[in-house]
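Residue numbers (UniProt numbering): 1 to 1192.
Here you go:
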C-alpha cells in the first residue's frame, strides 16, 4: 500500500507534463519501481534530445551520421517516401514553433534550436528563414538548390524527411534515402543497370507494399558488397524496384549496427552500438587481468642466453624511443640493470605505419616447456553455433599484454636497446607458451557462460534470437569488466547476422569456408601450351584419390599430350578444365580446417608469381584447405631464387595468419638452403633481406622442411600461372628504413672555425689567454698549472686560440675528435704520437694517445695491440695423499707407429707424480673410460679428475661415467693448458724419452716402457723423491741402486715444505719472466676473448664483447655465453655504447660467413688435384640417454 501511494503521488504531482501523461495512461500493473524507471528514462531522453539540437557551441552527445538531402522530385511514387511520413504529417495537433517550425515545443521554448541563430532571409536573429515573416509566404521555403551536407541528430515529424546516407556498394559511393519505416532496403532498376550491371539479378517472390498498401513493382534482388565507415559487409541483398528512390531500410540499419531510440515521438538515430555507450570503460585503455598471471615452466638443463646487441638504424631510434616510453608509461615494460636472459628487439611495421617493437625470444622458447592446453576443433565449434542467427565478435585490445607476467619469470623477457635493458611485466607476443596460456585463462573465465566461443583473443557471442544474444553479450561484458579486461572497439563487430571466425563464415545457415581460399585456383587461366597443360594435370593428379571419374574427365586433355598430337584446344577441353576446378575447390577435396590435425604450408616461387597451399593430414591423407597466389612486382622479379622462395614463405604465413598463429606447422619449400636461413641455425649466414624476413616469422612456430621440386606440384603450378590480382605492395616497402654503413661512421673533420668556437667557449683556455696577455698571477689556478710549466712557449693567435710554439692547444671538447683524426688508419702509439707531436698539444696528450690506441676496438680485433698481460701464476694445491687428484690428457698422434698405438691416454697423479699410459688407435670416450676402468681396478677411485676440453672428455657418456662413481670432474679453461700443467709437462718428457730410445733402435712399445721405468724411479724436481716411493712406498730397483746405501726416510712435513718451496720458486720465475700483473677483471666487466689460431689470415683475433657473469678462481672467469676462460685470454673493454663503430659488422666479420669448404679450400698450382690425404673422420657415439629415441 505504501508503494502504491508513493506511485500515485509521483503521477499526480510531477512537474513534467509528459511524465504525468505517460503515468496516467499506463496499465493497472504499474509498480513504483517501473514508474520511477519510466520517469528516469523519459527525463534522460528529453535531456539527450535537447543536447542534440543544432547549437554551435555544444557538441553532440552521441555519434552522428553525416547525410545530405537530395533534390526533390515531384514524380516520386508513394513508396519513395518514408512509410510513416504521411501519418506523421497529419498526426501533430500542436501549433508549430514560430522560430524554427518544429511542433515538438512552443515558440518561446528555451531549447529551441533557433535561439541565437541569424536568419538568411532578413538578417535578424532568433529564427530560421523557413518561418521568416518577411518572406513572401509563411510556409517553409523549399531551397532552390541542394542543401549542403548537414549532421542529423534526430528525425522528427517537423524535420525534412528526405535525408540520405552515403554508402559504398561494390566500391561505388551511393546515397540511400533513410526510411526508418521500411522493413527492406531498395535500389531502383536504373541504378543497378548503371553501376552494377555485372552482378546477377535474381528473381524475388516476396511481395512488398508501400504506404496505403500500394504495390511496389519488384523486378528481383541483387547482392552487393557494402561498406560504411569502418563497417564492412561482404554481401548484402537489396530488392530492386522498377521505379522510385534508393532506400535504406531497417534490415540494413540492423546490419550496420545503427540504433533507433524512441524518445516521446522523436526518433533519434545513432551510429555504432549502444553497447559501447553502456560500457564505455570496456572500449578505452589497456586492461590488466586481476586474478591470473603467467609463469612459464623452464627446462632444468638449459642455460641462460645473452644475445649480442644488434644496433638499430639511426633513422628509427626516435620512433623506437617513443614506443618504449609509451610501454613504460602503460606499465607493460620496466627498466632493469642486468638479467641472465637478454634478447634483442625486433621491429615490424603495422598497417597504420607505426612501429611495433617485438622481442626475439627464440633462445628463450628453447628453454620453455610447451603448454599442451587443447584448442577447440571445428566439430566443437559447429556444435556450439548450431541454431544461432545473431552474432557478435569481440577482439581484446592486445590480449596477451593484458595478462600479468609472474615476477620470477620476467627476466626471461629482458631485451636490450639503445636506451638500456628492459623486461616485460605482461605476457609478451612471441613467447611459445603464451597462446596456450591465454586460451586456458579465457576458457576458465567464461567456463560458466553459455553462448560464448573463444579462440585465443577472439570472442564470439551468439544466440538463436536477438534477445538471447543480448543476454549473453551483457554477461560477457560484465565478466570482462569484472576481470579488468578491455576491448578494441575498431575490431569488434556487434549484433550482425554473420561473422568471419578462424577462417570460416558463421551465419544462421551454418559454418562455411571463406571464398578467398579458392580464388587462386578459380583464377587459373586455361593452358596455352603442352607444358602448361602438363603442369595443370600434375597438380590435379596430386589429389587423384578425391576426384571422381578422373580418367574420363581428363581424357580430352590427355589426348593433347600424346606424341605427335597437334595442339587443338576445344570446348571439351575447356569444360574439363572448369569441371576439374570445381571439383578441386569443393568437398571432398577442399577440407575444413581442423585445429587438431597436423598442418602443412607448401610454398613455391617462379620468376613471375608466388604460390602457396595450406593443407592438413586428415583421416590418413593430406587434404587442401586453401590455395593462394599472387604476381611479383618488377622489383621482386629481380630477386635471387632464394629470396623469391623466402618471399613466398613470408607472404603465405602472413596471408593465413588466422590459421597458423599460435600453433605448430610444417613449412615446406623446394629450396634446401632456406631450411636453415629462415631458422635460428642460420642467423649469422643469411643476407640482410632474409634476416629481416626471418624476424617477421618469429611469431610463428614452424619446422622448415625441404621438399624436392618434383613433389611440389600444386604450389609450383600456382606460382607459374600469373594470377589476375595485382601484386600489391612489395615486401620491402613494408620494412623499416635501414641505413647501410659499409665503412663505418664518418669522422668529423675539425676545421679552424670549430677550433675558434671551441676555444672561445672553453673556460680554461679563456683564462689562459688572459694570463698570456696580462701576465700570470702569483697564485696560479689549479687548472692552469700544467700550462704554467711551459708558459714561455705559449702565445695567442686568432684572438681566442692558444698555441705552444707552432702547435695548436686543443680545448677539451675537441680532444676526442682530434684523437680520432690522428688515429685514422689505425696507426700504432708511436706513429700517432709522431703525427701529433708537431701539430697539436694539450696537457697529458701522450697518456691520452696511449689510452685511445689501446682502447680502439678495431685495433684490438685485428691484433695490433698485442695479447693481454698474463696474471700471476697460481700453483695447484698439492693433494694430501697419492691417487686423490689425477690429471688426464691425450698425447699424439705419433707418426710411423702401428695404427693401434697412434695415440696415448695419459693419467698423472699430482701427489706422487706417478704416470700411467695406454695406447689406442682412436681417441674416443670409450677408450678413455676403458683405460680408467683398468686404473681403478689397480689403484681405486680418485677424488678428482681434471681434463682439458677435448670432445672425448666433454661427452655426456664420459661425464656420466665419472658421476656414477662419485668422482668430482673439473675441466680447465678454454685454451689454457697451464691449468693441466702436470700432465702436459710429463707429455713433453715422454716424447723426448721415446724419441731418444727410438734412436737407439728400440721398438715403440719398448721405448714407452723404458721411459716410464726411468721416470717413475728418478727423483722429481718438485718433491725431491721418486714417484715410485711416494706412490708405492718403496723404490724401484735399478742397477745403480745396488751400489749405494739406503737413504734415510723423509717425513711428511719436510716433504710438504719441499713441495711448497719448489712451487714458490717456480711462481717467482714465471712471474718475472712473463712480467705478470694481477688481473683487474671483475664480475659484470665486458671483455673480448682472444680466439685460437685460425688458418684464415683475415679473421679477427678477438671475439665480440661479452660480459663476465662469475669468478671461478683467482684468474678464471665464466662469461655470459656459459664458457670458462682464463684471464690470460681476456681483454677488458669499455661497455657497449650506441656510438661504438666497431660493435657493428665490419668487413673482417664477413670472412666468418664464408662456408667452411670455401675457407679451407686448397689452391693447387697448374690445376692439378690435391694429393693430400683426407681428413680423419670424427668418431661419433650415440649417447646412452638417447637409446629410447629415434634421431634419424
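All C-beta atoms in this analysis are idealised placements derived from N, C-alpha and C, irrespective of residue type, glycine included. Note that the coordinates shown come from a computational prediction; the quantities given were computed from them, not determined experimentally.
Per DSSP, the bridge partner or partners of residue i
i: residue 348; result: 356
i: residue 878; result: In the DSSP output, where bridge partners are listed per residue, residue 878 has none listed.
i: residue 909; result: 886
i: residue 613; result: 602, 627
i: residue 797; result: 801
i: residue 895; result: DSSP lists no partner for residue 895.
i: residue 462; result: 391
i: residue 621; result: 618
i: residue 186; result: 239, 247
i: residue 233; result: 226
i: residue 916; result: 907
Pair within 8 Å by beta-carbon distance, residue i and residue j
i: residue 756; j: residue 800; result: yes
i: residue 342; j: residue 429; result: no
i: residue 923; j: residue 890; result: yes
i: residue 648; j: residue 603; result: yes
i: residue 1106; j: residue 1121; result: yes
i: residue 914; j: residue 1027; result: yes
i: residue 750; j: residue 814; result: yes
i: residue 1194; j: residue 805; result: Lying before the first or after the last residue shown, residue 1194 is absent from the chain, which here runs from 1 to 1192.
i: residue 883; j: residue 1056; result: no
i: residue 1198; j: residue 128; result: The structure shown does not extend to residue 1198, since the chain spans only 1 to 1192, so no value can be given for it.
i: residue 348; j: residue 358; result: yes
Integer Cβ distance of residue i from residue j, believed to fall under 8 Å
i: residue 427; j: residue 396; result: Their Cβ separation, rounded to whole angstroms, is 12 Å, which puts residue 427 and residue 396 out of contact at 8 Å.
i: residue 698; j: residue 667; result: Actually they are not in contact, since the Cβ atoms of residue 698 and residue 667 sit about 13 Å apart, beyond 8 Å.
i: residue 436; j: residue 365; result: Incorrect: roughly 13 Å between the Cβ atoms, too far for contact.
i: residue 576; j: residue 556; result: 6 Å
i: residue 976; j: residue 1126; result: 4 Å
6 Å CB neighbourhood of residue i in its chain, flanking five on each side removed
i: residue 310; result: 344
i: residue 810; result: 818, 840, 842
i: residue 455; result: 502
i: residue 690; result: 646, 677
Distance between residue j and residue i (C-alpha atoms, nearest Å)
i: residue 797; j: residue 855; result: 33 Å
i: residue 938; j: residue 1119; result: 39 Å
i: residue 1254; j: residue 658; result: Outside the shown range of the chain, which is 1 to 1192, sits residue 1254, and nothing can be said about it.
i: residue 961; j: residue 1062; result: 35 Å
i: residue 847; j: residue 821; result: 17 Å
i: residue 289; j: residue 472; result: 21 Å
i: residue 897; j: residue 1058; result: 40 Å
i: residue 40; j: residue 111; result: 19 Å
i: residue 561; j: residue 628; result: 27 Å
i: residue 465; j: residue 388; result: 7 Å
i: residue 470; j: residue 593; result: 29 Å
i: residue 11; j: residue 283; result: 39 Å
i: residue 136; j: residue 104; result: With a pLDDT of only 42 at residue 136, under the threshold of 50, the placement of this residue in the model should not be trusted; the figure read from the coordinates follows. The straight-line gap from Cα to Cα measures roughly 25 Å.
i: residue 354; j: residue 477; result: 30 Å
Beta-carbon proximity list for residue i, same chain, < 8 Å, skipping 5 on both sides
i: residue 1076; result: 869, 870, 871, 872, 873, 1070
i: residue 6; result: 32
i: residue 14; result: 20, 23, 39
i: residue 409; result: 294, 295, 296
i: residue 43; result: 16, 19
i: residue 236; result: 185, 223, 224, 225, 226, 252, 255
Residues of its chain near residue i, where Cβ-Cβ distance is below 7 Å and the 5 sequence neighbours each way are ignored
i: residue 665; result: 599, 600, 601, 702
i: residue 605; result: 644, 645, 647, 648, 719
i: residue 411; result: 339, 340, 341, 423
i: residue 332; result: 401, 424, 425, 426
i: residue 484; result: 287, 288, 289, 290
i: residue 696; result: 348, 650
Any non-hydrogen atom of the ligand ATP within 7 Å of residue i CB
i: residue 446; result: Judged by which ligands are present, the structure shown has none, so any question about the ligand ATP falls away.
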